[in-house]
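**Student:**
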Amino acid sequence: MPNIQTKINAGIVGVTGYTGQELVKILINHPYVRITGLFSSSSDGKSAASLFPQAGGRLGLSCSKPEPKEICAKCDLVFLALPHTVSIALVPKLIKAGKRVIDLSADYRLKDLKVYAKFYGARHNDSCGAKKAVYGLPEIYRNKIKSASLVANPGCYPTAAILSLAPLVSLGLVDMSSIIIDAKSGVSGAGKKFTEDFFSSDDKESFKAYKVGTHQHVPEINQELSGLSRKDISVVFVPHLLPVKRGILETVYVKKSAGIKAGGLVALYKRFYKKEPFVRIKPQGEFPALKDVVGSNFCDIGIWEDAKRAVIICAIDNLLKGASGQAVQNMNIMYKLPETEGLL
Ligand SMILES: NC(=O)c1ccc[n+]([C@@H]2O[C@H](COP(=O)([O-])OP(=O)(O)OC[C@H]3O[C@@H](n4cnc5c(N)ncnc54)[C@H](OP(=O)(O)O)[C@@H]3O)[C@@H](O)[C@H]2O)c1
């Protein structure tokens, strides 16, 4: 564990985007981190004081271009808050230089690189990195994350979907062919540019489904649920664009396996997540709301069931438990720090 004096020298690449900004907000108050590099293609040379006035002058840095040499010279740990396909150009060089990397994009989440090419529209040319990367969902992979040099931080929708379903699929309590995920996300899930355009359009008074059955997070959810169940799972996933800035709420519908009686699921979920600092199971008959999780790293889960079916409802902040908060939780695990440091 680093001590308060030595600290982790951390850098953020893509720092002017939404998840980059969230990382700055968390890390500037983290007692074991010193932000030693801010990297931006659009704001090269700009001072941190002008980009992050809320930091009150505590970041005496200017942004630099995201050149691998410069990143390696300044940082030991690198957060990549970049669009998918862009991280692949940097990761192999950073790993070769002995740096630890937490990639917030989708570039290292999928193990099957043909599936990556199909859903992200680009050939993946770092199969070695893809093999090495640890999927950064602490509730499932905490032990592997501890020693990882490359963490693939999960997607926002997959975080809520996997945490909703992990107890049921890993214990074989549901009909694996029956899973339907009805997901709603605030618009910041699609990044800064999209959000700015959205709030100046007529869509801000509307509500709609998009990429029904074809969203790029479907293979990630299937990969992780199949791993947990050791069966081939293929979910129905319907994302919706909710006209709020941040937050994800997912409602998951399943048929229970034969012989599973009604009434025990809330207690089962409480047992499954009892050591988890950020997963909160609602009491019977209560369900999550975005306002209770937005601005935090919590994942709230509520459960309804009858004799044959169950409905699991989950809420997270897409920019925190769905991205930057989870990335810092992963960093805490990698450096053997208290897992909640900087996040509670
Ligand atoms: N938003 C979410 O809720 C969320 C949740 C989970 C995961 N993610 C993933 O996290 C990553 C960042 O998401 P975000 O929401 O922060 O996106 P964003 O707001 O669009 O920011 C991405 C940043 O990356 C940099 N960038 C953009 N295009 C680039 C290019 N071609 N080459 C180099 N840098 C480029 C820009 O920053 P500079 O100009 O400063 O370099 C840009 O502001 C994405 O891969 C996203 O899928 C997002």
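Numbering (numbering that gives the first Met the number 0), first residue to last: 0 to 343. Yeah, the Cβ is synthetic: ideal placement off N, Cα and C, and Gly gets one too.
In the DSSP assignment, the alpha helix (DSSP H) including K183 goes from what residue to what residue?
**Tutor:** Position 184 of the sequence shown holds residue 183. Careful: K183 lies outside any alpha helix (DSSP H), inside the beta strand (DSSP E) at I179 to G185.
**Student:** When burial is assigned at 16 or more other CB atoms within 10 Å of the CB, is K68 buried or exposed?
**Tutor:** Taking the first residue of the sequence shown as 1, we reach residue 68 at position 69. By the neighbour-count rule (16 or more Cβ atoms within 10 Å), K68 is not buried but exposed.
**Student:** Helix, strand or coil for C127, going by three-state DSSP, please let me know.
**Tutor:** By one-based count along the sequence shown, residue 127 stands at place 128. It is helical.
**Student:** What number of angstroms, rounded off, separates the C-alpha of L336 from the C-alpha of I311?
**Tutor:** As a working note, residue 336 is residue 337 in the sequence shown. As a working note, residue 311 is residue 312 in the sequence shown. For L336 and I311, the distance between alpha carbons rounds to 32 angstroms.
**Student:** P166: buried (16+ other C-beta within 10 angstroms of its C-beta) or exposed?
**Tutor:** Position 167 of the sequence shown, counting from 1, holds the residue named residue 166. Counting Cβ neighbours within 10 Å, P166 comes out buried, since at least 16 surround it.
**Student:** Could you work out which residue in L93, S126, L81 and C313 is closest to D75 when comparing CA atoms only?
**Tutor:** If you number the sequence shown from 1, residue 75 lands on position 76. The candidate whose alpha carbon is nearest that of D75 is L93.
**Student:** Could you give the residue range of the beta strand (DSSP E) that holds N8?
**Tutor:** For the purposes of this step, residue 8 is identified with residue 9 of the sequence shown, where counting begins at 1. Unbroken beta strand (DSSP E) run through N8: I7 to V12.
**Student:** Are the segment 283-290 and the segment 240-254 touching, with three or more C-beta to C-beta distances below 8 angstroms?
**Tutor:** These segments touch.
**Student:** What are the boundary residues of the alpha helix (DSSP H) that C298 is part of?
**Tutor:** Indexing the sequence shown from 1 puts residue 298 at position 299. Here C298 belongs to no alpha helix (DSSP H); instead the beta strand (DSSP E) covers C298 to E304.
**Student:** For G36 and S63, what's the separation of their Cα atoms in angstroms?
**Tutor:** Taking the sequence shown and counting its residues from 1, the one referred to as residue 36 is at position 37. Taking the sequence shown and counting its residues from 1, the one referred to as residue 63 is at position 64. G36 and S63: Cα-Cα distance of roughly 8 angstroms.
**Student:** Quick check: the Cα distance between F51 and F193, rounded to an integer number of angstroms?
**Tutor:** Counting from one through the sequence shown, the residue named residue 51 turns up at place 52. Counting from one through the sequence shown, the residue named residue 193 turns up at place 194. Each residue's alpha carbon lies about 21 angstroms from the other.
**Student:** If you compare alpha carbons, which of S177, D174, K183 and L149 is closest to P157?
**Tutor:** Against the sequence shown, residue 157 aligns to sequence position 158. Minimum Cα distance to P157 is reached at K183.
**Student:** Cβ of N317 versus every heavy atom of ligand 1: is any distance shorter than 7 angstroms?
**Tutor:** Numbered from 1 along the sequence shown, position 318 holds the residue referred to as residue 317. Within the cutoff, so yes.
**Student:** Report buried or exposed for K260, applying the criterion of at least 16 other Cβ atoms within 10 angstroms of its Cβ.
**Tutor:** The residue you call residue 260 lines up with position 261 of the sequence shown. Exposed, by the Cβ-count rule.
**Student:** Following a CB-centred definition, is L342 positioned closer than 7 angstroms to any heavy atom of ligand 1?
**Tutor:** Translated into the one-based positions of the sequence shown, residue 342 becomes position 343. No, since every heavy atom of ligand 1 falls outside the 7 angstroms radius drawn around the Cβ of L342.
**Student:** Would the C-beta of L103 count as close to ligand 1, meaning under 7 angstroms from any of its heavy atoms?
**Tutor:** Looking up residue 103 in the sequence shown gives position 104. Yes - ligand 1 has a heavy atom lying nearer than 7 angstroms to the Cβ of L103.
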